[in-house]
Amino acid sequence: MTDLHFRSGWAQPFDELIERVRADPPDLILFTGDLVEHHFDPRPAYASAGRLVSSLTARYGKFAILGNHDGDLLGPMFMAWGLHLLNAGIETLTINGAPVELVGVPGVRREDLTERFLLRVPPHSPDKLRIVLAHYPDTVRQLTRLKPDLVLSGHTHGGQLCLPGGIPIITHDRLPRRMSKGVHRVFDTWLVVSRGLGFSGFPVRTFCPAEIVEIVIEETMRSER
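Residues in the sequence shown are numbered consecutively from 222, following the numbering used here.
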């Protein structure tokens with residue numbers, strides 16, 4: 222999940238989302254930033270953001286990184302909502318007998334992804350599935366050094382305001398516009414860019430529906446890497 226951009230309100234579809242997740246919990250729920258809209262004062266969004274996040278269930282946990290709209294004030298709230306913040310963090314889990322390594326890109330700006338962080342991440346072990354959470358899709362160029370199997374990102378909203386056919390006008394990203402949403406092969410890594418659930422600025426999307434990305438990873442996919 223990504224780019225919910227909570228303000229102070231609540232949308233009825235979130236109730237349906239909570240019920241569907243409770244009925245069939247996923248192994249993991251991963252947030253790739255911009256949970257709230259106003260980074261300078263996120264407090265009006267705490268009630269609605271906390272209500273959603275704390276109501277969602279996952280078998281092996283809920284993990285998140287920060288986006289450029291989140292700011293540093295939001296991080297301390299995550300623990301209260303049952304959300305693990307992976308701010309320059311690494312978490313190794315065993316899911317259905319298989320080791321899975323989650324790596325969270327640091328900070329809220331592109332510049333926070335530093336050489337120091339890249340050097341601190343240990344070499345990728347072939348027996349682990351490495352998933353990197355990165356708010357900005359264009360950071361995948363740097364992240365390929367970590368040899369991730371999968372990079373999850375958001376930020377672009379898929380363009381939010383698109384031309385017919387879903388053609389984005391502005392993406393606020395440095396990758397080609399066609400990569401502002403969807404699944405892409407970048408060198409030896411799979412990049413998944415979600416259109417996200419919310420909006421920034423004007424409360425409207427054109428030819429660019431909101432989405433939650435569900436990913437099913439099978440053992441055969443990892444062994445073929």
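Quick reminder that beta carbons are idealized off the backbone N, C-alpha and C, glycines included. Only a predicted model underlies this, so the values are computations on that prediction, with no experimental measurement involved.
Segment limits, beta strand (DSSP E) that includes residue i
{"i": "G325", "result": "A319 to G325"}
{"i": "S374", "result": "L371 to S374"}
{"i": "F252", "result": "I250 to F252"}
As assigned by DSSP and simplified to three states, the class of residue i
{"i": "R395", "result": "coil"}
{"i": "V425", "result": "coil"}
{"i": "L307", "result": "coil"}
{"i": "H378", "result": "helix"}
{"i": "L367", "result": "helix"}
{"i": "G403", "result": "strand"}
{"i": "T315", "result": "strand"}
{"i": "A266", "result": "helix"}
{"i": "F338", "result": "helix"}
{"i": "P385", "result": "coil"}
{"i": "F284", "result": "strand"}
Local Cβ density within 10 Å of residue i, reported as buried at 16 or more and exposed below that
{"i": "M298", "result": "buried"}
{"i": "T313", "result": "exposed"}
{"i": "S374", "result": "buried"}
{"i": "A270", "result": "buried"}
{"i": "F252", "result": "buried"}
{"i": "T392", "result": "buried"}
{"i": "L384", "result": "exposed"}
{"i": "P347", "result": "exposed"}
{"i": "V414", "result": "buried"}
{"i": "I390", "result": "exposed"}
{"i": "R446", "result": "Here the model assigns R446 a pLDDT of 45, short of 50, so the residue's position is not dependable, and the following value carries that caveat. Counting Cβ neighbours within 10 Å, R446 comes out exposed, since fewer than 16 surround it."}
{"i": "L277", "result": "buried"}
{"i": "D394", "result": "buried"}
{"i": "G379", "result": "buried"}
{"i": "L364", "result": "buried"}
Beta-carbon spacing of residue i, residue j below 8 Å
{"i": "F261", "j": "G230", "result": "no"}
{"i": "V274", "j": "L304", "result": "yes"}
{"i": "G403", "j": "C429", "result": "no"}
{"i": "V324", "j": "L367", "result": "yes"}
{"i": "F338", "j": "A301", "result": "no"}
{"i": "L334", "j": "P327", "result": "yes"}
Run of the alpha helix (DSSP H) containing residue i, from where it starts to where it stops
{"i": "G230", "result": "Run containing G230: none; DSSP gives neither H nor E here."}
{"i": "V414", "result": "Counting along the chain, V414 falls outside any alpha helix (DSSP H), though it belongs to the beta strand (DSSP E) covering T410 to V414."}
{"i": "V242", "result": "P234 to A244"}
{"i": "P297", "result": "G296 to A301"}
Own chain partners of residue i with C-beta closer than 8 Å, once the 5 adjacent residues on each side are dropped
{"i": "V361", "result": "A355, V372, S374, L396, V407, T410 and L412"}
{"i": "D255", "result": "T223, D224, L225, H226, G288, N289, H290, D291, H356, G375, H376, G417, G419 and S421"}
{"i": "I438", "result": "L350 and L371"}
Sequence-distant residues of the same chain with beta carbon closer than 7 Å to residue i, five excluded per side
{"i": "G282", "result": "L249 and H305"}
{"i": "V242", "result": "L277 and T278"}
Contacting residues, own chain, Cβ-Cβ under 6 Å from residue i (five flanking each side not counted)
{"i": "A431", "result": "L418"}
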